[in-house]
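Asks: In my numbering, the protein residues as written are 130 to 548. Every residue, glycine too, gets a C-beta built ideally from N, C-alpha and C. The structure under discussion is supplied below as structure tokens; questions concerning it will follow.
Rendered as structure tokens:
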């Protein structure tokens, strides 16, 4: 909105209360006879001030520099007026003053944006995923306190250097409890969450410039551990006297033959085992992570494990005795040592084993495996496609063996000659 406003800007002085020989410098903005005043936090000796020119008497170099500073303030006030005029905003003396100090619009801070994000996506994310955002929030708060010596910063202060320094802080952070420092992919996950919060801030128009524009997340592709057929047989053939270890083994094997993740298996109820169109038992569930519907036919070995806990299921109402994630993974490490399996076994290894050893290695099409795993994208399942290359190698080796056997058979056959 354009206005026919008149603008006046002058410098004036007031005697300092604690020293009458010096003067405090003020700016007075006048628009249509309405005034707004503010101090520039500078003072000057009475005898160095020219009342008529409203400037310092340039008797030495310091006073020349003092006047140059006043000219800068004068130019910034007029620039604030120009900005308001170009934005079609109502121009008043108070509006110019607020724009000069950058207080005419409420500026959102980084931690306000983080809290807004975490509170408003509460229903959209699973508790496990939301927990990771809270972890990133804790890293940010510690970084601000320890590196920047502050509790918060404005979003407009975010820049490339902040992101790089934050990445370095995560990589080198040493917690009070003894544990490994954050891996490369762990650090990238924290930065990925910060990037999502920044993108939300841009959409909410709290931030104009994307500080991640020149930054690229660098994830390292890791080989996913899974049990080979031999290791799976070792695990099945090993019995444990300790009830906790035996139950953990059974639950882990059930996941190896169904592909269910820990949280999906823990929340599985007996009424989710239904008879499918083929007359066999199927698991009907939804993935906790993606809310994707999954229907999995029960393999014979999975049925055996369910039958083993059939009586207990009627008493507890739970399909299988699933311990806490921490206890389960602790038991799995002990089980792996007892079986002579030299791999870092966690519960998620069972899901990878289902994808590789149980399905893909036995010729199940990758599209079917993707459906059984509840993946929303086929590219996610293709992570396991490396096993197909191994299968191709095995099949080609079998072909070479067959060809070699035929060659030997031909060479051993009696030869006849005709004269």
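#1: If you run the structure through DSSP and keep just helix, strand and coil, what is residue 548?
#2: Residue 334: buried (16+ other C-beta within 10 angstroms of its C-beta) or exposed?
#3: Between the beta-carbon of residue 340 and the beta-carbon of residue 287, is there less than 8 Å?
#4: Which residue's Cα is closest to the Cα of residue 355: 248, 479, 342 and 169?
#5: Note the first and the last residue of the continuous alpha helix (DSSP H) segment covering residue 166.
#6: Give me, in chain order, the residues of the same chain whose beta-carbon lies closer than 8 Å to that of residue 131; leave out the 5 immediate sequence neighbours on both sides.
#7: Given this structure, state the Cα-to-Cα distance separating residue 468 from residue 262, to the nearest angstrom.
#8: In terms of DSSP beta bridges, what is residue 410 paired with?
#9: Give me the Cα-Cα distance between residue 539 and residue 533, rounded to the nearest whole angstrom.
#10: Suppose only complete runs of 3+ residues qualify. What are the beta strand (DSSP E) ranges in the stretch 343-406, listed by chain order?
#11: Taking all protein chains shown into account, decide if residue 481 is buried (16 or more other Cβ within 10 angstroms of its Cβ) or exposed.
#12: With DSSP as the reference, label residue 321 as helix, strand or coil.
#13: Would you report the Cα separation of residue 258 and residue 472, rounded to the nearest angstrom?
#14: State the start and end residues of the unbroken beta strand (DSSP E) segment that holds residue 426.
#15: Looking at the structure shown, is residue 299 part of a helix, part of a strand, or coil, going by DSSP?
#16: By a C-beta neighbour count over all protein chains shown, 10 Å radius and 16 as the cutoff for buried, is residue 290 buried or exposed?
#17: Could you give the first and the last residue of the continuous beta strand (DSSP E) run that contains residue 153?
#18: Which of the three DSSP states, helix, strand or coil, is assigned to residue 456?
#19: What does residue 140 pair with, by DSSP beta-bridge criteria?
#20: Specify the secondary structure class of residue 283 as computed by DSSP and reduced to three states.
#21: Nearest to residue 550 by CA position, among 169, 176, 329 and 241, is which residue?
#22: How many Å lie between residue 143 and residue 224 at the Cα?
#23: Between residue 226 and residue 165, is the Cβ-Cβ spacing less than 8 Å?
#24: Under 8 Å by Cβ, that's how I've got residue 395 and residue 503 pegged, so tell me the actual separation to the nearest angstrom.
#25: Buried or exposed for residue 388, going by 16 or more other Cβ atoms inside 10 Å?
#26: Just confirm the distance between the C-beta atoms of residue 199 and residue 172, as a whole number of angstroms; I'd bet it's less than 8 Å.
#27: If we call anything under 8 Å between Cβ atoms a contact, is residue 323 one with residue 470?
#28: Can you tell me whether residue 508 is buried or exposed, with buried defined as 16 or more other CB within 10 angstroms of its CB?
#29: Return helix, strand or coil for residue 509, following the three-state DSSP convention.
#30: For residue 178, which of 162, 195, 168 and 344 has the nearest alpha-carbon?
#31: Pull up the distance between the alpha-carbon of residue 536 and that of residue 451, whole angstroms please.
#32: Taking the C-alpha atoms as reference points, what is the distance between residue 460 and residue 375?
#33: Rank 318, 301 and 219 by C-alpha distance to the C-alpha of residue 266 and give the top, closest one.
#34: To the nearest angstrom, how far is it from the Cα of residue 330 to the Cα of residue 280?
#35: If you draw a straight line from the alpha carbon of residue 506 to that of residue 313, how long is it in whole angstroms?
#36: Compute the Euclidean distance between the alpha carbons of residue 372 and residue 447, then round it to the nearest angstrom.
Replies: Well, looking at it:
#1: Residue confidence for residue 548 is low, a pLDDT of 46 falling below 50, so the modelled location carries little weight; the figure read from the coordinates is stated next. Coil.
#2: Here residue 334 is exposed, its C-beta having fewer than 16 other C-beta atoms within 10 Å.
#3: Against a cut-off of 8 Å, the Cβ pair of residue 287 and residue 340 comes out as a contact.
#4: The residue with the shortest Cα to Cα distance from residue 355 is 479.
#5: No alpha helix (DSSP H) contains residue 166, which is instead part of the beta strand (DSSP E) from 163-174.
#6: The predicted position of residue 131 is uncertain, since its pLDDT is 47 and thus under 50; no value can be drawn from it.
#7: One alpha carbon belongs to residue 468, the other to residue 262, and they sit about 37 Å apart.
#8: 404
#9: 10 Å
#10: 402-404
#11: Buried, by the Cβ-count rule.
#12: helix
#13: 26 Å
#14: 422-426
#15: helix
#16: exposed
#17: 151-160
#18: helix
#19: Under DSSP, residue 140 forms a beta bridge with 156.
#20: Note: residue 283 maps to strand in three-state DSSP.
#21: No answer is possible for residue 550: it lies beyond the span of the chain, which begins at 130 and ends at 548.
#22: 24 Å
#23: With a cutoff of 8 Å on beta-carbon distance, residue 226 and residue 165 are scored as near each other.
#24: Their Cβ separation, rounded to whole angstroms, is 15 Å, which puts residue 395 and residue 503 out of contact at 8 Å.
#25: Classification for residue 388: buried.
#26: With a Cβ gap of about 13 Å, residue 199 and residue 172 do not count as contacting.
#27: Not in contact: residue 323 and residue 470 (Cβ atoms no closer than 8 Å).
#28: If you draw a 10 Å sphere on the C-beta of residue 508, you find fewer than 16 other C-beta atoms in it, and that means exposed.
#29: helix
#30: 195
#31: 55 Å
#32: In this structure, the CA atom of residue 460 is about 9 Å from the CA atom of residue 375.
#33: Of the residues 318, 301 and 219, the one whose Cα lies closest to the Cα of residue 266 is 318.
#34: Here the C-alpha atom of residue 330 lies approximately 19 Å from the C-alpha atom of residue 280.
#35: Here the C-alpha atom of residue 506 lies approximately 25 Å from the C-alpha atom of residue 313.
#36: Taking the straight line joining both Cα atoms gives about 17 Å.
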